[in-house]
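Some notes on the structure that comes next.
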Amino acid sequence: MAGRPKDVSDDEILQEVALAPGPIVTAPELADRLDMSGTGVNKRLDQLVDDGYLHERQVGANAIVYWLTDEGRVRVAEA
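Position one of the sequence shown corresponds to residue 17 (my numbering), numbered consecutively onward.
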């Protein structure tokens with residue numbers, strides 16, 4: 017994966033979270049689906065958490081899961 021963080025918009029990332037088959041997603045899942053590097057997607061997810069569009073929770077020693085906040089759902093619906 018070459019990573020394309022500047023080519024993928026925040027709305028595209030949030031839409032991928034919304035379209036995930038389950039209620040949560042991981043950074044590696046999103047990196048694969050968006051053709052982004054792991055580092056690139058992690059930075060973007062951290063920013064979306066800070067901006068209030070995603071929740072995050074550590075579920076294991078190295079696993080963090082993400083899901084949309086109410087504000088994130090509104091942004092996806094308006095995109």
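A virtual CB, placed ideally from N, CA and C, is assigned to each residue, including glycine. Given the structure is predicted, the values throughout are model-derived calculations rather than measurements.
Output yes or no for whether 8 Å exceeds the beta carbon distance between residue i and residue j.
i, j, result
"I80", "E72", "yes"
"I40", "W83", "yes"
"Q31", "V90", "no"
"L26", "L64", "Note that residue 26 is Asp in the sequence shown here, rather than Leu. Yes; because the gap between Cβ atoms is below 8 Å, this pair is in contact."
From which residue to which residue does the alpha helix (DSSP H) around residue i run?
i, result
"I29", "26-35"
Please classify residue i as buried or exposed, where buried requires at least 16 neighbouring CB atoms within 10 angstroms.
i, result
"L35", "exposed"
"A47", "buried"
"A3", "The structure shown does not extend to residue 3, since the chain is modelled only from 17 through 95, so no value can be given for it."
"G68", "exposed"
"V75", "exposed"
"G38", "exposed"
"R20", "Because R20 sits at a pLDDT of 42, beneath the cut-off of 50, its placement in the model cannot be relied upon, and the following sentence gives the value as read from the coordinates. Counting Cβ neighbours within 10 Å, R20 comes out exposed, since fewer than 16 surround it."
Kindly indicate the opening and closing residues of the beta strand (DSSP E) around residue i.
i, result
"V81", "80-84"
Assuming residue i contacts residue j under a Cβ cut-off of 8 Å, what Cβ separation, rounded to an integer in Å, is found between them?
i, j, result
"L61", "L50", "Not really, about 11 Å apart at Cβ, beyond 8 Å."
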